[in-house]
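This report concerns only the one structure given below.
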Amino acid sequence: MRVLVVLMALVLAACATAPRQEELALRLSPASLGHELALQQRMTVSSHGQSQQLDVALEVDAQAVRMAVMDFGQTVARLEWDGRDLNESRAKGWPEAVTGSRVLSDLQLVHWPLAAIRPALPAGWSVDEAADRARTVRYGDTPMIRVRYPAPGSAELENLAVGYRLRLDAWPEAR
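Under mature numbering (1 follows the signal peptide of the UniProt record, and there is no 0), the residues of the sequence shown are numbered -18 to -1, 1 to 157, in order.
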């Protein structure tokens, strides 16, 4: 239950200051990743000086994206995307603002190749990648989301529009 209270505080803080701009919601096919993926990661969610760590198990194959979010060994959220339907289940009290759609979009921005992301972006959106693989997603000329890869097995996504940051770190045995 502690995780739900902290997540709610993070989400409310982010929503209170979020600009009224269009928000990106990618829905790329699982097969467009181009390979299978199985990761166990520690996810740190930060917003306005508060942060929470959760464990995440992610599996992707040509048929589906599956994710489980755990806190103290208890599953608090599940997501499954088969390219048509997004199914999610959440523990009672899970913040409504932390949607499966937002989580899926963030995962795809971090893990999917640019060749799959670019053609799926709505009108007005663009993404570019620097030599160090850092990505910047823009709405018009305004940077909205930044993704960096500070070390092997790690990624950081900063949603500038909504005001939160995700850090994903591979569990040591998964590297």
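Glycine included, C-beta positions come from ideal geometry on N, C-alpha and C. Here the structure is a predicted model, which means the values were calculated and not measured.
For LEU61 and VAL85, believed in contact at Cβ under 8 Å, the rounded distance: Walking along the sequence shown from the start, residue 85 turns up at place 103. Walking along the sequence shown from the start, residue 61 turns up at place 79. Confirmed, about 6 Å.
From this set, ASP110, LEU10, VAL92, VAL119, which residue's C-alpha is nearest MET25's C-alpha? On the sequence shown, residue 25 is found 43 positions in, with the first residue counted as 1. Among ASP110, LEU10, VAL92, VAL119, the Cα nearest to that of MET25 belongs to VAL92.
DSSP on GLN90, reduced to helix/strand/coil? On the sequence shown, position 108 is the one that residue 90 refers to. GLN90: helix per DSSP, three-state reduction.
Going by Cα to Cα distance, which pick from SER136, LEU8, LEU15, GLN35 is closest to GLY55? The count along the sequence shown starts at 1 and reaches residue 55 at position 73. It is GLN35 whose Cα lies nearest to the Cα of GLY55.
Length of the line joining the Cα atoms of SER33 and TYR146: For the purposes of this step, residue 33 is taken as residue 51 along the sequence shown, with counting starting at 1. For the purposes of this step, residue 146 is taken as residue 164 along the sequence shown, with counting starting at 1. The alpha-carbon atoms of SER33 and TYR146 are separated by roughly 10 Å.
For ARG149, collect the residues of the same chain with a Cβ closer than 6 Å to its Cβ; drop the 5 residues on either side in sequence, then sort them by chain order. As a working mapping, residue 149 is identified with position 167 in the sequence shown. Correct list, in chain order: THR26, GLU138.
Which runs of the alpha helix (DSSP H) fall wholly inside the region 48 to 92 and span at least 4 residues, in chain order? none
Looking at C-alpha atoms only, which residue of ARG100, LEU96, TYR121 is the closest neighbour of ARG115? For the purposes of this step, residue 115 is taken as residue 133 along the sequence shown, with counting starting at 1. When only C-alpha atoms are compared, the closest one is LEU96.
For the candidate residues PRO125, ASP123, VAL58, SER14, whose alpha-carbon lies nearest to that of ALA39? Position 57 of the sequence shown, counting from 1, holds the residue named residue 39. Comparing Cα-Cα distances from ALA39 to each of PRO125, ASP123, VAL58, SER14, the minimum goes to VAL58.
Distance, LEU21 Cα to ALA152 Cα: Indexing the sequence shown from 1 puts residue 152 at position 170. Indexing the sequence shown from 1 puts residue 21 at position 39. Cα to Cα, ALA152 sits roughly 7 Å from LEU21.
Which parts of the region 89 to 125 are runs of the alpha helix (DSSP H), unbroken and 4 residues or longer, counting only runs that do not cross its ends? Within the region 89 to 125, the alpha helix (DSSP H) runs of at least 4 residues that lie entirely inside it are, in chain order, 96 to 99.
Measure the alpha-carbon distance for ALA133 versus VAL109 and round it to whole angstroms. Taking the first residue of the sequence shown as position 1, residue 133 is located at position 151. Taking the first residue of the sequence shown as position 1, residue 109 is located at position 127. Spanning the two alpha carbons is a distance of roughly 21 Å.
State buried or exposed for residue 173, treating a residue as buried only when at least 16 other CB atoms are found within 10 Å of its CB. The first residue shown for the chain is -18 and the last is 157, placing residue 173 beyond what the model contains.
Look up LEU148 in the DSSP assignment and say whether it is helix, strand or coil. Within the sequence shown, residue 148 is the residue found at index 166, counting from 1. LEU148: strand per DSSP, three-state reduction.
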